[in-house]
Every structure is written in structure tokens, then in C-alpha cells.
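Undergrad: Structure below; questions to follow.
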Amino acid sequence: MIKLVGLIPLLPLIGFVIIGLFGKKLSKSIVGLVGSGVIFGSFALALAIFFELKGGTQKEFTIDLFTWISAGKLSIPFSFLIDPLSSLFLLIITGIGFLIHLYSIGYMSHDEGFARFFAYLNLFIFFMLLLVLGSNYLIMFVGWEGVGLCSYLLIGFWFKNTAYNNAAKKAFIMNRIGDLGFLMGIILIFITFGSISYHEVFMQANSYSSGTPVLTVIALLLFVGAMGKSAQLPLYTWLPDAMAGPTPVSALIHAATMVTAGIYMIARSNILYSLSPVAMQTVAIVGACTALFAATIGLAQNDIKKVLAYSTVSQLGYMFLALGVGAYTGAVFHVMTHAFFKALLFLGAGSVIHAMGGEQDMRKMGGLKKYIPITHLTFLIGTLAIVGFPGFSGFFSKDEILAHAYENNKLLWVLGILTAAMTTFYMFRLYFLTFKGTFRGTHDQEHHLHESPKSMTIPLVILSMLAVVGGLIGIPEVLGGKHFLEEFLKPVFADSSSRIIFHLPESTEYMLMIVAVAVMATFLYSAYTVYVKNKTLPAAEGEELQPLHKLVYNKYWIDEIYETIITKPLNFISEALHKVVDNQIVDGIVNGIGYLVNWTSSTIRLAQTGNIGFYVFVMVISIVLILFTRLM
Amino acid sequence: MKALILLSSLGVIALLAEIFSFKKLIYPIVLLGLVLAFILNMFDWDTNQLYFKMMQTDNYAIAFTSLIIVISFLWFIMAEGFFKEESNQSDHFALVLFALVGAVIMVSYTNMAMLFLGIEILSIPMYILAGSNKSDVLSNEAAFKYLIMGAFATGFLLFGITLIYGATGSFDLTEIATVVSTNTAISSIFYVGVLLMLIGMSFKVSAAPFHFWAPDVYQGAPTVITAFMATIVKTAAFAAFLKLFHTTFSSLGETWMHIVWVMAALTLLVGNITAAIQTSTKRMLAYSSVAHAGYMLLALLANNSFSNSAILFYATAYSIASIATFCIVSIVANAKGSDVVDSFNGLAKSNPLLAFVMTIALLSLAGIPPTAGFFAKYYIFTSAFTAGNAGLVLIAIIASLVGVYYYFRIIIAMFFKENTNNQPLEVTINHKLLLIVIAVAIILLGLFPESIISLL
Amino acid sequence: MIITYMFYLLSFLAIMFGLMVVLSKNPVHSVLYLVLTFFAIAGHYVLLNAQFLAAVHIIVYAGAIMVLFLYIIMMLNLNKEAEPHKSLWIKASAAVAAGSLLVVLVASIKGTVAITPSNEFNPNIGLIENLGQTLFKDYLLPFEVSSVLLLAAMVGAVMLAKKSIK
Amino acid sequence: MITLLLIFFPLIAALLLLSVKSEQAKNIAIAAAVAEFVIAIFALTQFQYNASIQFEVNYDWIKSVGISFHVGIDGISMLMVLLTSFLVPIIILTSINTHYKNANYFYALILAMQMALIGVFVSLDGFLFYVFWELALIPIYFICLLWGGENSAKITFKFFVYTLAGSLFMLGGLIYLYLHTAGLHSFNISALYAAGRSLDFVQQGYVFWAMFIAFAIKMPIFPFHTWQPDTYTVAPTQGTMMLSGIMLKMGTYGIIRWLLPIAPLGVEHWAYVAIALSVIGIVYASCIAIVQKDFKRLIAYSSIAHVGLISAGILAINVQGMQGAMVQMLSHGVNVVGLFFIVDIIQKRTNTREIATLGGIRNVNPQFAVLFLIVLLGSVALPLTNGFVGEFLLLNGVFQFNAWMTAFAGLSVILGAVYMLRSYQSIMLGETNLITSSFAPLSGNEKLVLVILSAAIIVFGIYPKPLLDIAAPAVNQLIEGVQIALVK
Amino acid sequence: MSIIQTIPIEWYLFLSTVLFAIGVFGVLFRRNAIIIFMSIELMLNAVNLLLVAFSSYLSDSKGQVFVFFIMAVAAAEVAVGLAILSMVYRNTNSPDINNLNKLKW
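Dropping the structure here:
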């Protein structure tokens, strides 16, 4: 089965090609069938491989396809690596990807770009699979940039809308900033290790002593890449804007898969990080800060997708926190659970939007519970999962991260807890505002409200089940679990885990769990108080806000700040370079030479007076000078 | 020598034609005579004869004589119209042929007296021919300026010859060279003499700062005569100049080289830069001719094994291209009534052949491959480089860029600008043939320069 | 001794008349002064044992060339002081240029290493016989060639001077 | 012999074109160009993948001064010949819907230029190289002058003089080397190599600058670039394509073939300056591209940025940089021709190139949008497009020279995305307007060209190995040789 | 007893130089074409004088022969020059060379 791994990315690619080339001529149902079918095929294969890997003794397979780039001692094969980590991601990607494809059939059914949408989605899956399957950094980079492209295409899916296009462009460019760091990292890896294949690099890295500067630099450069792709401070602003894309896209790309590529990359390179405490520290701090920062913004957003977007940023920060404190398994675990519940939430939100006829402002919703019961229920499950309600998947993964953070650094833990608290608050704020209370939209909208079609609800249901049970594969030992995931991923993190020893007394673990649950409960209640009991509504557009509220509502004006400190200066500098340096100075010198020649010409031609007397005079003077040289 | 006699006789025959009224036949006779002269001349190859210790037909002389004859053949075809004028027809022929005699003497002299006479025999007909458009004040002015300045420069040349005579007791080049090489305590008037001769020769080749006459005379003289001056006179003058300084005075490098260095630089810059904004093409070509003297001075200055063949090749390339350009300028100027650059507007459309040949000729003058002018420049640069004059090469490079500037003004006018004055151009079949032959020759010489540079 | 005085006298006359040629306002005077200069120079020729040359000199210059000059002056009716006013600047620059030329020439000639004649002194080289020998033996070719020169000049002068038939 | 055929076949075709009628010219030109491509492919099939020079032809030319007609093809040349012979038919094909006046001359000039370009890429004699180098300039000058846009006389003239100035410096350098060749002076490439290496580093420095300036102007590299945007803008589309697609590679090729082996010490000594200029140029041109309003001009500036990276990669003197340069030269050729064709398509339909006035073309012509996007992605070096392979290797190469410069150069990765996406958005996306609403569909040949180019972009992005393999032995040998010279 | 044995050759050198310089001065100083011609004749005569002096001093007849050639050339130049002058005069009615400056720049 493992030999067939090539088919996993190939199937979506085939899907892309078929739909891309013939999409216009095919009916929507065929497009949907092909689009989802290939992903399902991949999923089935991924499942088979997963079980083969789980059952087998060999945990690592490399499948060489062909030599891609070679120059001197640099030789980059196009080859795939199957190991627990990649196979897990394969499952997540193809699994959730399939569900979302399925969902999209319904969601996009009325869109004229239906085929295009599926083509893009298939292409995205292809690149995402490449990203996780690659056996070296450059293949990962291929996927990395490829998903960036697809993200660009899908964010700007409705390309007539300038704002959407801007969002798409912003996403691509911000990603590229990170990508540059990543690329530099790859090159430095090659220069340091003479190879960029994981196997070779990690093996060699193992022999480096901890804290070797070059490793730190590599780790930090890679992390820059991760910051871009996974929307970490300060490169996160594209992600909320990316919600311009169709909701399934938000669910798939901007919540479940692509944005977690950074986590995958660092988890993959765990040994490099484990050897570089500085980088680890940086990752942890950036992650924690992002988590908290995004959570605060989430508190005050009114757009249902924006809230989820900031929540995603925040959760991604959480994952980086996990990576930074050495909880690689925890991070991957959270990636997985997050994929379940965040995809669920987004799809739920999509269902809501679908029902609302495109309306995304929560202030216009309310009381939707009775109109769209399935959505409501699954959304509630998702919410509970994300806030870490005990028993739901998010609880386990979050708990693992917090425990590691606590051991590593109490402050990080505090930040984590704070984030969790805010998460609870804004998620329930979202839930309450949307589903509880009374409908606040227009009459037309109310009339239009309806439950989504089967193709949309079935994925919701499946995802909600996953969101509930997904945590089971990582039940910590203190709760009597076996932590299947840790076992499964052990080979991947083996070298790191020998360096980062995690040990926390059981009592402390219990304590941490209790604190987390308590905090969650408190904020759940407070959200309930505010939005259900008191029926408080977020301020309407244009209403004067409290300074702090205003600050958060306007997302700390980060976009504006970037505009002021980066975009505008860049434009200004570019204009200056163009108008002043290039046109005036550089070209000016060149033209100046031309003018100089003309000027000289018109000047010295005046010597040609036409007057014989003068000519003779010059001749005589020249003769005098020539003879004079003889005298000297 | 045979060529010399033949040419003199041709001149006399031309004069006789007036008397015995076979004027119609002179033109073919002269052309035939030139062919014959060329053949006779080439028979002397490698014979290296010395006549009266006055002239020597060594290969150097033969090569340059042949070149002069070839160019004058082309020139005669170009100047067809010049010899149509009824009243002075045989005078024109005779004067031109006598001038050629002077030119031949100038490339084969071995005695100062011959040099002096050669220069004068070449110059005096030129003074006259420059003024041959008698009713044109500009032509008069050209003749007058040429004469006054020429005679003035001759004074210095003679003074130089005299001083050299005084110091060495001889007018013979070989004897002078022997004295120079054997006599260590040579009188200092000798060096003054060398410098004065240098000045006199520089005047003849129109090297700055003794070039002032050239633009005015070139512009004022009838175009065909300008072509003659720019090609044959210049070639002969350079051959004479080179012969003198490359053989007799070559061991006195420190006396004249730094001066020639400065003159070459000045000539290159002044010639090219002043040409840049000229509106009259003839005057532009005059300045360009000054500039080309600068390049040839580089070879002269180099004073090495390349020099002879470099100047020979350069003169060839430059002369044939100049004949073509002057031919076209005169055709265009005749039709449009003016020789300003704008007269060339739209020539590519109205007469592609002229435009094409003009382009090739101008590219050659500008020194762009694969034309002869390129190899000529290359060869000169190599020669100068070998001699260690890298600085001058740099100046020459900069100067030739300026050169491109003005040559291309004509090209741009021909190809790019719209024609506003739709005077039809009349091009005789002879001119067409001439231009085609020249265009082919320019390219062939550019591709296979070996045939000429291996001569010397 | 008298020869030395003769030299001084003739030199003085030559220079003085030469200056007068240049400085006189009337062209006719200039011509006459030039003739006088030629006579002074001819005197030098005699002193230098070049009697034949002296005679030729007088005949050619004073007899032929100067007559030609006079003829042209008369023909073109130039025998008046018609020269336009020259600016001081031109005068000064002419004087400076010529003066510095003189200074430089003299200075570069002054340090002359003595010229040592290789031949025994022979006072007869200026005789016709000697000159004839040289001219028609060694310098036969230039002699012949100068005929071309004169012919060309003649043809040219005629061509230029005659009225063109229109 | 095949080398001679490669050189002179286009010339013969060009001469033939002069004698045919304007209307027939196009077909003959295409046929000739395709035939030339077939010859090149045939040469490739005969080509042995080793470092030796093949199909060598060596005639005495100007024997007395040691100039020979010496041509031959090694891996590096092979790639350039392939590029040239591949692009020329494409370029001619792009003109099918354009009706040029005196088309026979137009195509004759293009083919003549092809001849000169191939000559440049296969010359193994310094003088011959120079002659071809200059020869390439004349046809393109006339193409740009005669079929160029507004103000073409002034602009193309500047271009001509500017590049000629550089060439003359190179000529100076070559003569200098020539005079240092041992024994009877010779322009043979190996003699020049030996001569160059016998110089000390100061002298090599002179040679380096003399030649580098020529190459830098041709490519062009900051600050020698100011002829380029104007010329690219004003030239007819095919002229721009010839200039950017092939001609600028003369500069990069020149560095590889002539500069590095001749003056290794000089290169090493001045590499910091030269690479710094290249790298500054990358960011500088990218920045300026951002604020361009004319799309053609924007691409012109982007070309400066791309070529700066190529030059930096070459001058870093390592296999990765050099191989990257080889691949990137090809990729850039393909991409830039594609981009300029896109400009042409747009301009023909809308009569404008002003980015701001366009918009929404995607609504009208999605097919075009997709092809445009592919070319654009190649240009911004998205992985799995041809642009990426080169860019990665180049950055890799430069990184080995200096990490900070690489980081700075890498900004082009970001800025490239900025200006390209910005213009794509402005031109293709959004709502249609009056100008774009009647955007006609692509004609067959337009589609064909863009599809071929897109295919090339993707195929060589996914599988660049054939290209890399062609050049690899020659590149390795060259780098080894240079490194040996440096160690000494 | 010849002068050359009593008067050093330098004196003749100086004399000729002075005469030559006067001729140059004349060319520079005067605007009348006829007088300019005469000044040039003066220059040539200075040269002639020097040649004769050298010839005598060196006891070598070549110098004097050379003078013949100079005379011939001088005569030719004068003839041509005066012909040109008369031609110019016919067109401009002035011997003033300041009028002859249409050709310039």
C-alpha cells in the first residue's frame, strides 16, 4: 500500500486537471462527484497507509519518484516520506478535505464558479499533501507555496470584488514574507548539512551540541516561515481578511489544514528546535502572545467568521506555544482536534450564513436555534470542543499543552489559561448571539431561514462526532488513557524527547486540569450572563465605544499601523526611487553625458570662427606651445 | 614610378584633349589609365626599386599608391558630374590627375625635396579645385582659406626641413637616419626641425590644433572635391607623415611622441564632439574626417609593426566609406537643395538603395562590425595598446561613441523621419553600381581584412 | 671685417624693410618694401657666395613675383589704405603670438651644438656649374616633377582667372 | 558542421526574406525559425553529456593577427542555443496577428539577430565573440527604431550608444588580454583564458571591469540599466521579446563563458562590489516596478530584478549559483516572452497598457486569465514553475557567498509578488469597464503560444533535470577550473 | 675669405628666424589678403636665406638647389593665390579677409 503513496497527491491533481480543463462542460454534479471522489480516494489510501504503518514495524518509508533539482552536491529528489507524522496529517487533510468537499457541493451549488471552486480545492489538497509528504524541505516548500497560491486563488474566489482581491493579495504577500525566511532556512540547512532531506539533516543535527548558533539561526528562519503561514504575530493580519473566501475555504484552508503547516514544519524539524533553546523560547513566546492577542481581538468582533478567524489565530498560537515548550505531540494533537472542531465551527458558520442568505454580522442574527437545529447542535459541540469542555476533544489537547507550558514556564501557562478564558468567552458570545435570543435580522432574512441541505449537514455531523471523540486518541495517562497519539508519533519525536524531558507530578496535572475547567466554566457563565441573561448586544456600527473596547474592536489598528509603517513607506520609497533616483539621478547622469556632449559641442564649435586670422593665431600659439615643450 | 609617369601623361593628355577636341573620350581614357596604372604599379610589387635616390617603390609605396589609384578610380566614378561641366572639363581632369601625381610622390619619396614637391603638387591643384565652383562665394572662401593656411603651414614645414638640413647636411631620408643613428651630438636645431615638420605634416592631415582649415574648406569646396580631399589627400598625407616619422624619425620618439599623443587626443575629441551638433552633413563629415585623422594618429604614435598596415587598412576603410557617403550626400543635396541632416528624412522609403549603402558606410565610419571600419578601429586600437597607449585608446573609445551619435543622426533621419520634401532623386546607373560595389567592399573588407593587413 | 659690417647692414635692412612690409598701410608701399627686403636678402646671398642664386632671386622675386603683386593690386584697384580698423586686441594678440614664436624659436636654436661641416670649405658651390651638376644629376627627378607643379599652377590659375562661360 | 548550420541557416533565411514579398514573409520566417529549432534539437540528440566542446569548427580567419573562426558547443552553449532557437519561432508566432509594414525586412532582421545571437553563444574566439556581440545589436536597433512606438528614435539611440559603450570597453579588455597571450598573439578562447590567468589580480581587475561593464549594461544591472525600461517599452513586442528573452542572456552568458574563466582573481576581488550592485538592482528595480503604471514598463523593471539575481548567482562562483543561472536564463527567457506577449495581447485589444485603466478582463476571458496567471506564477517563481528552480539555486549560490546579501536579494521574492499580483489584480480582476468589456477572445495562435509557454513553465518547473543535465558537466568543469585558478 | 668663416652660423639662424617671425607677424597682423601673401613670401625667403647659409656653411650645393624648388613653389602659390584673390574679388569686391568668414561653426 505504501508504494501507492504517490497516488494520494496524484488523485487530487488528476481531479484538478479534469475539472480545470473540462469543468465548464461538465455538469455540477459530475464536478462535485469527481472533486470529492478523488479526495475520498486519497483518504482511503491514506487510511490504508495509516493502518499499515500503525501495524508494521518499519515506521519510515521513503518513496523516490525522480530527481528534481541537482547542481553539484545539491541533489533534491522528488520523493515522499511516510512516517507517523505525515500519515497522521494525510488523514487529517484528506479526511477533513473530503468532508469539506462534500459540504461544498451544497454550499457552492448556486455559484457560477462551482467547477473552478472544486478545481482550486483539489489543487489545494494536492499541494497540501505534497507539503506533508515531501521527504525534504524543498518539497515541503513546494507544497508550502502551492497552498499559498491556492489560498490566494480561493480567497479571491469572487474576483469581481476588490476587497476580496486585496485580501487575497495580502494573504499571498504576507505568506511570501514568511516564505522568504523559510527559503533562507532551507538554503542554510543545505549549506550547513550538505543536504536538505529530513533524514540526512536530522541525523547530522543530532550530533550537534545544543545551542549551536547555526541551528538557532536555521530554526528561527524556519519559524519565520511558520509565522507567515500559520498567521503568528506579526504576520497574522492576512488570516482574518482571508475570510473573504467562501466559507468551506475558511474551514479547510484557513482553519484545518494550511495554517497548521507551520506546526507541521516545526514538529517535523523538532530536533533542530530541541537543539536550540533560544528558538524554542522564541516560538513559545510568539505563540503565547499570538494566542492571547488574537483572543482579545476575538472578544469584540461582530462578524461570525472574523471571530472564528481570530480564534484560529489564537489557537494556532496555542499550538506554537506547545511546540515552544517541547510538547510536540501536544501540538500535533491540538492540530488534529482543532482541525475537527474548527472545521466544524466554520462549516457551521457557513451553514448559518447560508441560512441567512450571506449575512455574516452576528448583530443581525439571534435565535437561530429553532430554524437550523442540526447546525445549532453541531455548532454547540464545536464550541464546547474549542473551549475545552471536559470530555470534548479540545479539552485533552489543550490540557496537554497547558501542562507542558506549566512545567516549562509558569508565565506561559498563565497566558495560556488567560487565552483559554477569553476563548470560552468569545466562543460562547458567538454561540449565544447567534443561536439564542430572538432573531434580529430583517423580515426577508427570517423568511429565508432554512436548514442546509444534506451534503452540508452530513459533514457537520461527522465533524461534530470527531470533535467529540477526537480527543480519545490522546487521553493523558493521568486520566487513565494510553495516549495513543504519543505512542504513534514516538519515532518522529524520539530524538527530541530524549532531550526534553517532561515530568509533572500527577497532582499538579490534576490541579491544572481543574483550574482550566474552572476558568472555562467561569467565563462560560459570564458570557451567559452578559448575552443571554442581560441580552446585551454588541454596539452597532458607528456607536461610540469605550477606549479599550474601541482598541480591541479595531484590532489594535494593526492593519492601519502596517499600512503606515510598511505599505506607505514602501510606496513612498518606490516612488522616490523611480522619480528621483532612477529618473533624475541614474538616468540623469546618462542623459547628462549626452547633454554634456551637446553642450561641449556647441561650445567648442564656437572656436571655429571662420576667421583666418584667428585660425592662424591658434596655429601659432600651438606651435609656440609645442616648441616650448622642447625647451623644457 | 610607372604609375607616376602614366598619371602625369594622363594629365597632359587631358590638357591636349581640349586642343585636339576629343574631350568626350577623356573620361574613359582616364579610367582606363587608372586601371593601367594600378596594374603597372602592382607589377612592381616586391621589386623595391630606388629612383635617383628620390623615390622608392617599396611595398609600402606600392600599397599606398594602389590604394590611392583605387580610391581615385572610385572617386572618378562618383565625380562623374563634376567632369561634365563643359568649359573647364579638361582643366578639372588635369588638375585632379596632377594632384594624384603629387599623392603618388608623397607615398614614395625618399628625399625631403620630393616630399615638399609632392605636398605642393597635391596641394596646389586642391587649392584650385576647392575654388572650382567659381561663382560660389563659399567655394571661393574655401579656396582662399585653404591656400593661405596651406602656404603658411608650408612655411613651417620648409623651416623644419631647412633646420634638419642644417643639422645633418642632407635632404635624403636614409642619410638623415644614418646621421641620427651615428652622430650622438646632433645639433639641437635638428629637433626643432623635426617638430616643425611634425607641425607641417599635422596641418596636412588636419590634426588638432591645426585642423581649423579643414571643416571650412571641406564645407565650402564642391562636394566631390571634398570627397577627394577627405580620402586621397588624407591618405597620401598620412602615408607621407607615417613614412617620415616611422622610418627617419622613429628613433626620436621622445621628441615627438608626447606631442602627437596630445594632438591625437585633441583631434579625436574635437573632431567628434564638434561634429555632434552639426546640421550640415558635409560639415559633419568634415569634422568626422578630422576625427578619423585622430584614429590614424594613434597608429602613427604607436610606431610599431602594426602601424603601417593599420594606417593602410584604416585609410582604405575610411576612404571607401567616405566616397560612398559623399556620393550620397551630393546626390541628396543636389536634389533637395541643401545638405542638412533633415534632407535625408525618409530616404529609406524614397530610395532604399541609397539609404542602405549610406547606412553601411556610416556604420563603417562609426566602427561597427561587420564593416571594414570596425576592423580598422580594432586594428588601430590593438596597435596603440601594444605601444602602451591605453589612455589614448580610452579616449578614442569615448570619442567613437560620440561618433556613433552623429552618424546615427543621419541613419535615424533616413529611416525614421518622415520625408517632407518630395524631390525625386536621380541616381545614375554608374552611381548605383559604385554604391553597391562599395557596400559589398565594406562588408567584405570587414569580414576578410587579412588581404590588406598582410600586405605590409 | 668689412664683410661683417656688410652682414650687419644687410641684416638690419632686411629686418627693417621686412617690418615695413608688414606695417605700411598702403599695399603698394608694402610691395616696394618687400622688393627692398629681397634686395637685402640678395645681398646676403652674394655674401654667402651664392651669386647665381642671388641673380635668380632678384629676377624671380623682384622681377616676376612682385610685378605680379603690383599688377594685381593695380588691377583690383587696391592702392589705397582701405584696410578696416583692427581692434587693439587683434594687434596685441598678433604681436604677442609672433613675439613668443620668435622667442621660442630663438631660445630653442640658441643652445645649438656647433654644426661641424663634413666637407672641406668650398667657396665655389654657388657657381652655376656646381648647381647645375647637382640639379640635373641628383635632383633631376624633383626638377622634372616641379614641371608638373608649374603646369598645374598654370592650368589652375588660368582656370580660376578666366570668366566662366555661362 | 552543425554549428555552422546553426549560425548561418538563419542568415540565409534572412537574406531570402529580403527578396520575398511582405505578405509571404511571415510564413517563411516561421518555417525558417522552426527549421532552426529542429536543427538545434537534432544537435541536442547528437550532443554528448560531457564537459567537452562538441561540433567544433575551427578555421583560420584573420591569420596574421591570430583570429580564427572558432565555434563549438558545450553544455552551456547548448542550453543557450536551445533557448534561442526555441524562442525565436515563438516570437515570430506572436506576431501573426500584427501586420507590420515591410514585414519581410522585419523578419529578416529578427532572423539576422538570431544568427548573431547563436554566434555569440557558440563563439570560441574572443574576436569572433565580439563581432557577433556587436552584430546582434544592429538588427535589434533597427527593429526597435523602425517598428517601435512613440519617440523610438531617441530611446533606441540611447540604447544603442549605451550598449555600444559597454561593448567598446569589452573590446578594450579583449585587446588587453590578447596582447598578453603567449607567443604569437591569439584570440583563441584557451589562449585568452591562459592570458587572463597569468595576470595578477590588479590587472585582472581591469579586465574584470572592462568586461563586466559591457555585460552589466547588456543585462542590465543597476546602475547601468536606464536604457532598458524605455527601450523595452518603446520597442515592438517582438523586439522587446528578443531583447529581454534572449539578448540580455548575452550578458550573463558572457560572464560565464568569458569573464569568470579569464579573470577569476579579478572576479573574486571585485565580487563584493559586483554582487552588491546586482543585489541592489534586484530590490531597486522591484521597488520601482511596484509604482509603474505602464504594464510593459513594469515587466521591464521586473526583468532587471530577475537578471540581477542571475548575475549575482554567477559571480558567487559556485555550482549551485551557476546552474541556477543556467536554468534561470532559460526560465526568464520563457517567462518574460510570455509576459510581453500578454502585454501585447492586452494592448492590441484595449489600446492601452495603463494598468489602472484596465480591469475585469478575467470576467470576459477566463482562459486568458489562467494562462496569464501561469506565466505570472513562473515569473514570481512559484515552486513547480520553471522560475523557482533557478531562483532557488541562485539564492543558494549567493547565500554561499554572503547570507545578508541573499536575504536582501530575497526581498524580491516578496516584492515580486507585490507588483505582479497588484498588476494582475488591476488588469484581470474586478469589474469590467468600458475598455475591457469587449475584450476579444484569444486567437488560435495566441492560445498556441501561451499554451506552449505555459507548458514549458510547468514542465521545466516540475522536471528541470534535462536542462540541468545538459549544462552540468560543463558548469562543473568551469567552476572547478576557476576554483583551481583561485587557489593558486 | 667668406662671410661664413667670420660670421657664426647662429647669426644667420637668428636673422632668418627674425625674418620668419616678421612674416608670421604679418600674417597675423594684417587683414589685407595681398599683404598676407607678401608676408608668406617673406617667411619663405627667410627659409631660403637660411638654406643658402647652411649650404654655404656646409659647402653643399643641395641647399641652394632646394631654394630653386622653393622659388618655383612660391611662384606657383603666388600665381594661384592671386588668381583666387581676383576670383574672390570678383565675387565680393573686397580683398578684406574678414569678409571671408561665411564658413564657420
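If you read the protein sequences in the order shown, they are chains Z, R, C, F and U.
Here the first sequence is numbered in my numbering, starting from 15 and rising by one per residue.
Here the second sequence is numbered in my numbering, starting from 668 and rising by one per residue.
Here the third sequence is numbered in my numbering, starting from 542 and rising by one per residue.
Here the fourth sequence is numbered in my numbering, starting from 2 and rising by one per residue.
Here the fifth sequence is numbered in my numbering, starting from 17 and rising by one per residue.
For each residue, glycine too, the CB sits at the ideal point set by N, CA and C.
For the region 586 to 612 of chain C, list every residue whose C-beta sits within 9 Å of some C-beta in chain R, in sequence order.
TA: From the region 586 to 612 of chain C, no residue has a Cβ closer than 9 Å to chain R.
Undergrad: Rounded to a whole number of angstroms, what is the C-alpha to C-alpha distance between C/F684 and C/V569?
TA: Answer to the nearest angstrom: the Cα atoms are 34 Å apart.
Undergrad: Alpha carbon to alpha carbon, what distance is there between R/K801 and C/K707?
TA: Bear in mind that a pLDDT of 45 at C/K707, under 50, signals an unreliable position, so the number given afterwards is only what the model happens to contain. Cα-Cα distance, rounded: 12 Å.
Undergrad: Quick one: residues in its chain with C-beta nearer than 6 Å to the C-beta of R/L865, no 5 flanking neighbours on either side, listed in chain order?
TA: Once the five neighbours on either side are set aside, the close Cβ partners of R/L865 are W923.
Undergrad: CB R/L692 to CB R/I987, shorter than 8 Å?
TA: No. Outside cutoff.
Undergrad: Helix, strand or coil for Z/G338, going by three-state DSSP, please let me know.
TA: DSSP places Z/G338 in helix when its eight states are reduced to three.
Undergrad: Check whether chain Z comes within 8 Å of R/F819, counting only Cβ atoms and requiring the distance to be less than that.
TA: Yes, contact with chain Z.
Undergrad: Measuring CA to CA, which of U/A99, U/D112 and U/M54 is closest to C/M700?
TA: Per the Cα distances, U/A99.
Undergrad: Could you give the residue range of the alpha helix (DSSP H) that holds F/N364?
TA: Run containing F/N364: I362 to V365, per the alpha helix (DSSP H) assignment.
Undergrad: Determine the direct distance from the alpha carbon of R/E1117 to that of R/N1056, and round the result to whole angstroms.
TA: Each residue's alpha carbon lies about 24 Å from the other.
Undergrad: Give me the Cα-Cα distance between Z/G455 and Z/G380, rounded to the nearest whole angstrom.
TA: Computed Cα separation, rounded: 8 Å.
Undergrad: Have a look at F/A166 and F/K349 and give me their C-alpha separation to the nearest angstrom.
TA: When rounded, the distance between both Cα atoms is 35 Å.
Undergrad: First and last residue of the alpha helix (DSSP H) that includes F/Q205?
TA: Unbroken alpha helix (DSSP H) run through F/Q205: F202 to K219.
Undergrad: Rounded to the nearest angstrom, how far is the Cβ of R/A1054 from that of R/L935, given a contact under 8 Å?
TA: With 8 Å as the limit, R/A1054 and R/L935 do not qualify as a contact, their Cβ atoms being about 16 Å apart.
Undergrad: With a 10 Å radius around its C-beta and 16 neighbouring C-beta atoms as the bar for buried, classify Z/E421 as buried or exposed.
TA: Buried, because 16 or more other Cβ atoms sit within 10 Å of the Cβ of Z/E421.
Undergrad: Report yes or no: do the region 664 to 674 of chain C and the region 724 to 739 of chain R share at least 3 C-beta pairs separated by less than 8 Å?
TA: With the cut-off at 8 Å, the region 664 to 674 of chain C and the region 724 to 739 of chain R do not touch.
Undergrad: Look at the alpha carbon of R/A875 and the alpha carbon of U/N64, and state the distance between them as a whole number of angstroms.
TA: Those two C-alpha atoms are separated by around 28 Å.
Undergrad: What is the rounded straight-line gap between the Cα of F/V284 and the Cα of F/T407?
TA: Those two C-alpha atoms are separated by around 11 Å.
Undergrad: With 8 Å set as the bound, which would you pick, yes or no: does the beta-carbon of C/S634 sit closer than that to a beta-carbon of chain Z?
TA: So yes, C/S634 belongs to the interface.
Undergrad: Would you mind sorting F/I13 into buried or exposed? The rule is 16 or more other CB atoms within 10 Å of its CB.
TA: By the neighbour-count rule (16 or more Cβ atoms within 10 Å), F/I13 is not buried but exposed.
Undergrad: Does the distance from the CB of Z/L67 to the CB of Z/S101 come in under 8 Å?
TA: Contact: yes.
Undergrad: Between which two residues does the beta strand (DSSP E) carrying R/M722 extend?
TA: Its beta strand (DSSP E) spans residues M722 to T724.
Undergrad: Please identify the residue among C/S687, C/M547, C/M561 and C/L589 whose C-alpha is closest to the C-alpha of R/A780.
TA: That would be C/S687, whose Cα lies nearest to the Cα of R/A780.
Undergrad: Quick check on this structure: which residue in R/V763, R/T992, R/P882 and R/S1031 has the alpha carbon closest to the alpha carbon of R/K1099?
TA: Per the Cα distances, R/T992.
Undergrad: Give the range of the alpha helix (DSSP H) segment to which R/G887 is assigned.
TA: W880 to G887 is the extent of the alpha helix (DSSP H) around R/G887.
Undergrad: Look at the alpha carbon of R/I978 and the alpha carbon of F/I300, and state the distance between them as a whole number of angstroms.
TA: Answer to the nearest angstrom: the Cα atoms are 47 Å apart.
Undergrad: Report the CB separation of R/L762 from C/A638 in whole angstroms; it is logged as a contact under 8 Å.
TA: R/L762 to C/A638, Cβ: 34 Å. No contact.
Undergrad: Is any beta-carbon of chain C found at less than 8 Å from that of Z/I626?
TA: No, its Cβ sits nowhere closer than 8 Å to a Cβ of chain C.
Undergrad: To the nearest angstrom, how far is the alpha carbon of Z/F64 from that of Z/S283?
TA: Roughly 21 Å between the two C-alpha positions.
Undergrad: Beta-carbon of U/I23 versus every beta-carbon of chain C: anything under 8 Å?
TA: Chain C, which has a Cβ nearer than 8 Å to the Cβ of U/I23, makes this yes.
Undergrad: Under a three-way DSSP split, which group does U/W121 fall into?
TA: U/W121 falls in the coil class under three-state DSSP.
Undergrad: Kindly indicate if chain C contains any beta-carbon less than 8 Å away from that of U/F66.
TA: First, the amino acid is wrong: residue 66 of chain U is Leu here, not Phe. Cβ-Cβ to chain C under 8 Å: no for U/L66.
Undergrad: Is R/L1068 close to chain F, meaning its C-beta is less than 8 Å from at least one C-beta of that chain?
TA: Answer yes: the Cβ-Cβ gap between R/L1068 and chain F drops below 8 Å somewhere.
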